Amino acid sequence: MSLMTLLPIWAAVFFTLAIYSFLYGENPWFRFAEHVYAGVSVGYAVAFNLDYLRDQWVNRWSMSGGMAVLYLFALAMGLLWYARFNKKYFFLYRWTLAIVVGTGIGMALRTVVFTQFLDQIIAQARIPLFVSGDPLQSVSNILLTIMTPCVLLYFWFTGGARETGPMKHIAKIARYTIMAGFGAAYGYTVLTRFSLLIGRSQFLLGNPPNPPEAKMAFITIALVMLASLIGYDLLKPKNI
Amino acid sequence: MSILEKLENVERRYIYLLAWVFVLFPLLFPLGLPIPIGRESKAWKEYIENIPSDSTIIVSMDYGVSGMPELYPMTVATMHHLWTDTASKNFKIVVIASWNQGPLVFDTLLDQMNPASTYGVVYGEDWIELGWIPGSETGMAALATDMWSQTPKDFLENRPLSEYPIMENIKTAEDIDLVVSFETGTPGLPEWLRQWNTPYGTPFIVGCIGVSVPGMAPYLASGQLDALMPGLTASGEYEILIGRPGLAVSGLDAVSMSHLLVVLLVVVGNIAFFASKSKGVN
Amino acid sequence: MSEKLRSIEIPIIITAICTLLQVIPYYFNIPVIDQASAIERDWMLLIVNMAVFVGVISIGQVHGRKIMRRRDNWEYSVVLMVALIIMAITGLPIESIGLGLDNPIYNFLFINVMTPLGSTMYSILAFFITSAAYRAFRARNIEAALILVSGTIVVMSNAPLFTSSLPFLITWKNWIFDVPNTATMRGVMMGAALGAIALAVRTLMGIERGYLRGGGAD
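Below, the structure is given as structure tokens:
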């Protein structure tokens, strides 16, 4: 097995275990890996963003004089981002920010009312209260018809308004609904967290299609790292 | 210190160690537990099987390396299903990414699956990869109105789109019959729906990490979302349904054991809590 | 003149114009506005990409200062800066000298450094959620009992170990997903949509100015 084949695998195993070393406690391996991650993540984005700007210029905006002017104007506006590092010209940064915020709001505003509001009301209204031959489904539909408006009202009214009149009962139904509903969120969060751990464990154990060489790297690096962590703990000056 | 107090104050590192044991053991010594099939994986398989011939499909890699362990297996299985049917149903598949790590994650998939030799699909005729679409929701909207302007070149070969026969009739969202999105968060389904489903009526199916699953329920119930692949367990079921067991199936024993541990800890924790509470009352 | 340029009304007006430029063409077919809207949207994508060095400069300021002053753990700042510079330079879109997204070092760093680090960073939460399940997930009252019971059912229903021997768990999970979960998420979604619309209108009218804060002026 050549060094060029093993190096990537050992590097990936090392960085995986360096992150897991945090479970033992805050330590230099973890801090090293954490800083590398921050660095490569930013570097990765730099490359992709510049690639997009270049591609847009070469293949689209440089095709005519008018388009080129528009492109250069956008770049000039983009340069105003960097005015935020100068107190005197900070106001210019706000102009660029306003374009981005305004466009973003406009994008969402034009359809949010349909996608996340009206379509949901329509779906809610279309639920048949009674399903012939299926009493359980009927009960579920009736419950859904009661629960959804209760939850909505619960979020609508805050503070003391929840404790008076009919809102008192509505708030109670809503709280029970939300708690039962959040059970699903909890259950699926457990699934995700363990899926990620299982994925990394499959890599460390070299389960196919992961490279089998990872297993040896895992055992070796884990032992060295564990020994170094225990040694680091013992040698570290104690604050008594 | 009584047993109850000891139970209530177990050192956290012992719990971490237990979690390691419950995950690594079944991966080292597979238990081969039976895998019942749930409704979501069945619906996903049926939906893909029933995609009409000559459909143009966007596969959107809306996740980065952090979502890979959970989403990568379902991406591989779905691409296998789509590419297998490509020849017989004349699918046109366009791969994009609204997350900037998506294209390189898809590179990993290509290295593993090698679609040209495995499925006989031709790049540029049967499928194409356009790369990253920046700008989140704004990028999605721009892509919907003019795909060629947003991605003038493809990602894999870096050549103008005009050189690829597949792109001849793919210009806007109106030319797309289905979007398959694999996603971990924002931008994700809500943004897609606002810019593609509501204005153009484009159908969507989504594979997502477990954390995002509960939030998909209203879209699924309203019909804005046609099928949902909720996390690793459903991926494993789907791999079995399409007869291609992979990473998800091999991880399901570990899912079982780790979930068993969580249930046991909840039960023991509550027993200790109620026992010490009643002791306190006495 | 300079004072007028600094006025807070200018970005508020820009925000309003950009918002309306995206909303109006969706409801009215006015070719001129339609075209302006498309150009403005494409500009925004270019402008967003131009912000690429804002993060780099901020990191450079924080960690550069740390290195110069040899503050505690400054060595890690060097590591961060080196990783950033190598990744950014190798990925620069200058293919003629071997750089770019196909550069072998850039790809090596993505596959063997960034991928394991990114995947592992989030997987570590599995340990914390396990610990929390033991320490904090207690049926202290009816609400807590409800989340505990429904959460445990969903946890069990995601594990083939349980569903193969207790198949009714799948039905129970489906009910939790379809009824209380859908009701909760639909309520949250509709509430959030109303909130987003209200926030958008406030921003459009210049009442909401939070995003314009900073720089020593209102």
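Protein chains in written order, with the numbering used here: chain A, 165 to 404; chain B, 1381 to 1662; chain C, 209 to 426.
Backbone N, C-alpha and C fix where the C-beta goes; we use that ideal spot for every residue, glycine too.
Quick caveat: nothing in here was measured; it's all calculated off a predicted structure.
Checklist entry - Do residue 362(A) and residue 1610(B) have their CB atoms nearer than 9 Å? => result Along the first sequence, one-based indexing puts residue 362(A) at 198. Along the second sequence, one-based indexing puts residue 1610(B) at 230. No, they are not a contact pair.
Checklist entry - So, is the C-beta of residue 290(C) closer than 9 Å to a C-beta in chain A? => result Counting from 1 along the third sequence, the entry for residue 290(C) is found at position 82. Output row for residue 290(C): interface = yes.
Checklist entry - So which residues of chain A does residue 282(C) contact, with C-beta pairs closer than 9 Å? => result In the third sequence, residue 282(C) corresponds to position 74, counting from 1. Within 9 Å Cβ-Cβ: nothing; residue 282(C) doesn't reach chain A, min ~11 Å.
Checklist entry - What residues of chain A sit near residue 243(C), judged by a beta carbon separation below 9 Å? => result Position 35 of the third sequence holds residue 243(C). Those do not exist, as residue 243(C) stays about 12 Å from chain A at its closest Cβ, beyond 9 Å.
Checklist entry - So what does DSSP say about residue 1398(B), is it helix, strand or coil? => result Position 18 of the second sequence holds residue 1398(B). DSSP places residue 1398(B) in helix when its eight states are reduced to three.
Checklist entry - Grouping DSSP H, G and I as helix and E and B as strand, with all else coil, what is residue 356(C)? => result Counted from its first residue, the third sequence places residue 356(C) at position 148. Assignment of residue 356(C) by DSSP, reduced to helix, strand and coil, places it in the helix class.
Checklist entry - What residues from the stretch 1393 to 1423 of chain B come within 7 Å of chain C, judged by C-beta to C-beta, listed N to C? => result Going along the stretch 1393 to 1423 of chain B in chain order, one finds 1395, 1396, 1399, 1413, 1414, 1415, 1416, 1418, 1419 with a Cβ nearer than 7 Å to chain C.
Checklist entry - Taking 9 Å as the CB-CB cut-off, is residue 1584(B) touching chain C? => result One-based indexing of the second sequence puts residue 1584(B) at position 204. Interface flag for residue 1584(B) against chain C is unset, since no Cβ pair is found closer than 9 Å.
Next on the checklist: Could you compute how far the alpha carbon of residue 344(A) sits from the alpha carbon of residue 1604(B)?
Outcome noted: Within the first sequence, residue 344(A) is the residue found at index 180, counting from 1. Within the second sequence, residue 1604(B) is the residue found at index 224, counting from 1. The straight-line gap from Cα to Cα measures roughly 24 Å.
Checklist entry - Residues of chain B with CB under 8 Å from residue 319(C), in chain order? => result Looking up residue 319(C) in the third sequence gives position 111. What residue 319(C) touches in chain B: 1484, 1488.
Checklist entry - Between residue 303(C) and residue 345(C), what straight-line distance do the alpha-carbon atoms span, to the nearest angstrom? => result Counting from one through the third sequence, the residue named residue 303(C) turns up at place 95. Counting from one through the third sequence, the residue named residue 345(C) turns up at place 137. Distance between the alpha carbons of residue 303(C) and residue 345(C): 54 Å.
Checklist entry - In three-state DSSP terms, what is residue 217(C)? => result Along the third sequence, read from residue 1 onward, the residue named residue 217(C) stands at position 9. For residue 217(C), the secondary structure class from DSSP, reduced to helix, strand or coil, is helix.
Checklist entry - chain B beta carbons: is any one of them nearer than 9 Å to that of residue 354(A)? => result Translated into positions along the first sequence, residue 354(A) becomes position 190. Yes, residue 354(A) lies at the interface with chain B (some Cβ there is under 9 Å from its Cβ).
Next on the checklist: Looking only at its chain, what residues have a beta carbon closer than 7 Å to the beta carbon of residue 426(C), apart from the 5 residues adjacent to it on each side?
Outcome noted: Walking along the third sequence from the start, residue 426(C) turns up at place 218. Residue confidence is low: residue 426(C) scores 46 on pLDDT, short of 50, so the model does not pin down where it sits. No coordinate-derived value is stated.
Checklist entry - Can a CB atom of chain B be found closer than 9 Å to the CB of residue 348(A)? => result Counted from its first residue, the first sequence places residue 348(A) at position 184. Chain B contact via Cβ: present.
Checklist entry - Going by the CB atoms, is the gap between residue 1395(B) and residue 342(C) shorter than 9 Å? => result The residue you call residue 342(C) lines up with position 134 of the third sequence. The residue you call residue 1395(B) lines up with position 15 of the second sequence. It is a contact, given that the beta carbons lie within the stated cut-off.
Checklist entry - Expressed to the nearest angstrom, what Euclidean distance is found between the alpha-carbon atoms of residue 1619(B) and residue 193(A)? => result Translated into positions along the second sequence, residue 1619(B) becomes position 239. Translated into positions along the first sequence, residue 193(A) becomes position 29. Rounded to the nearest angstrom, the two C-alpha atoms are 37 Å apart.
Checklist entry - How is residue 345(C) classed by DSSP in three states: helix, strand or coil? => result Here residue 345(C) is taken as the residue at index 137 of the third sequence, counted from 1. The three-state secondary structure of residue 345(C), taken from DSSP, is coil.
Next on the checklist: Quick check on residue 232(C): does DSSP put it in helix, strand or coil?
Outcome noted: Here the question's residue 232(C) lines up with position 24 in the third sequence. Under the three-state reduction of DSSP output, residue 232(C) falls in the helix class.
Item to check | Supposed contact pair residue 383(C) and residue 304(A) - C-beta distance, whole angstroms, cut 8 Å | outcome: As a position in the first sequence, residue 304(A) is number 140, starting the count at 1. As a position in the third sequence, residue 383(C) is number 175, starting the count at 1. That belief holds up - the Cβ atoms of residue 304(A) and residue 383(C) are roughly 7 Å apart, short of 8 Å.
Checklist entry - Which residues share a DSSP beta bridge with residue 322(C)? => result Locating residue 322(C) in the third sequence gives position 114, counting from the first residue. Residue 322(C) is not bridged to any residue.
Item to check | Segment limits, beta strand (DSSP E) that includes residue 1584(B) | outcome: Locating residue 1584(B) in the second sequence gives position 204, counting from the first residue. Counting along the chain, the beta strand (DSSP E) containing residue 1584(B) begins and ends at 1584 to 1588.
Checklist entry - Are the beta-carbon atoms of residue 1422(B) and residue 1612(B) separated by less than 9 Å? => result By one-based count along the second sequence, residue 1422(B) stands at place 42. By one-based count along the second sequence, residue 1612(B) stands at place 232. Contact flag unset, no.
Item to check | Simplified DSSP state of residue 1479(B), which is helix, strand or coil | outcome: Taking the first residue of the second sequence as position 1, residue 1479(B) is located at position 99. Coil.
Checklist entry - Helix, strand or coil for residue 1561(B) per DSSP? => result Counted from its first residue, the second sequence places residue 1561(B) at position 181. Strand at residue 1561(B).
Next on the checklist: I want to verify the contact list: residues of chain B whose CB lies under 7 Å from the CB of residue 389(C), in sequence order.
Outcome noted: Here the question's residue 389(C) lines up with position 181 in the third sequence. Neighbours of residue 389(C) on chain B, chain order: 1594, 1597.
Checklist entry - Taking any Cβ of chain A, which residues in the stretch 1492 to 1521 of chain B have a Cβ under 7 Å from it, in chain order? => result Those residues of the stretch 1492 to 1521 of chain B that come within reach of chain A (Cβ to Cβ, closer than 7 Å) are 1492, 1512, 1514, 1517, 1518, 1521.
Checklist entry - Using a C-beta to C-beta distance shorter than 7 Å, which residues of chain C count as neighbours of residue 1568(B)? => result Counting from one through the second sequence, the residue named residue 1568(B) turns up at place 188. Going along chain C, no residue has its Cβ under 7 Å from residue 1568(B), so there is no contact; the nearest lies around 14 Å.
Checklist entry - If the cut is a Cβ gap below 7 Å, which residues of chain B does residue 295(A) touch? => result As a position in the first sequence, residue 295(A) is number 131, starting the count at 1. None at all; the shortest Cβ gap to chain B is about 15 Å.
Item to check | Member of 298(A), 217(A), 253(A) whose CA lies at the smallest distance from the CA of residue 1512(B) | outcome: Along the second sequence, one-based indexing puts residue 1512(B) at 132. Measuring from the Cα of residue 1512(B), the nearest candidate turns out to be 217(A).
Item to check | Terminal residues of the beta strand (DSSP E) in which residue 1436(B) lies | outcome: Counting from one through the second sequence, the residue named residue 1436(B) turns up at place 56. Start and end: 1436 to 1442.
Checklist entry - Could one say the Cβ of residue 347(C) lies closer than 9 Å to chain B's Cβ atoms, at least one of them? => result On the third sequence, position 139 is the one that residue 347(C) refers to. For residue 347(C), the answer is yes, since a Cβ of chain B falls inside 9 Å of its Cβ.
Item to check | the stretch 1521 to 1536 of chain B in contact with the stretch 1549 to 1558 of chain B per 3-pair CB rule at 8 Å | outcome: Note that the stretch 1521 to 1536 of chain B touches the stretch 1549 to 1558 of chain B; at least 3 beta-carbon pairs, one per stretch, sit closer than 8 Å.
Checklist entry - Taking the Cβ atom as the reference point for each residue, do residue 1591(B) and residue 356(A) lie within a distance shorter than 9 Å? => result Mapped onto the second sequence, residue 1591(B) falls at position 211. Mapped onto the first sequence, residue 356(A) falls at position 192. Contact flag set, yes.
Checklist entry - Any beta-carbon of chain C closer than 9 Å to the one on residue 1645(B)? => result If you number the second sequence from 1, residue 1645(B) lands on position 265. Contact of residue 1645(B) with chain C is assigned, a C-beta pair being separated by under 9 Å.
Item to check | Beta-bridge pairing of residue 1508(B) - partner residues as DSSP gives them | outcome: By 1-based counting over the second sequence, the position of residue 1508(B) is 128. The partner list for residue 1508(B) (beta bridge, DSSP) reads 1474(B).
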